[in-house]
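Quick notes on the structure that follows.
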Amino acid sequence: MAGVNKVIIVGNLGNDPEIRTMPNGDAVANISVATSESWIDKKY
C-alpha cells in the first residue's frame, strides 16, 4: 500500500451503502451524504 488517506465526513446518509466486489476480491462501498454546512475558501 503506497499510503493511507483519512477523511472525516459529517452529515446524513442519503441512501443505504451500495457494496460491490471487484474482480480481484476487494470490496468497494458507494455512499451519498447530505450536509448543510457551507465553506468558502479564503485567502489570508
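Numbering (my numbering), first residue to last: 542 to 585. Think of the CB as a built atom: it goes at the ideal place given N, C-alpha and C, for glycine as much as any other residue. Given the structure is predicted, the values throughout are model-derived calculations rather than measurements.
Go ahead and pull the three-state DSSP assignment for E578. Taking the sequence shown and counting its residues from 1, the one referred to as residue 578 is at position 37. Three-state result, E578: coil.
Where N565 sits in the DSSP three-state scheme: As a first step, residue 565 must be located in the sequence shown, where it is residue number 24. Three-state result, N565: coil.
Is G555 near V574, with beta carbons less than 8 Å apart? Along the sequence shown, read from residue 1 onward, the residue named residue 555 stands at position 14. Along the sequence shown, read from residue 1 onward, the residue named residue 574 stands at position 33. Taking 8 Å as the Cβ cut-off, G555 and V574 qualify as a contacting pair.
Measuring alpha carbon to alpha carbon, tell me which of G552, I560 and I549 ends up nearest N571. Position 30 of the sequence shown, counted from the start, is the residue given in the question as residue 571. It is I560 whose Cα lies nearest to the Cα of N571.
Rounded C-beta distance between G544 and T576? I'm assuming under 8 Å. For the purposes of this step, residue 544 is taken as residue 3 along the sequence shown, with counting starting at 1. For the purposes of this step, residue 576 is taken as residue 35 along the sequence shown, with counting starting at 1. Contact doesn't hold; Cβ gap of about 26 Å is too wide.
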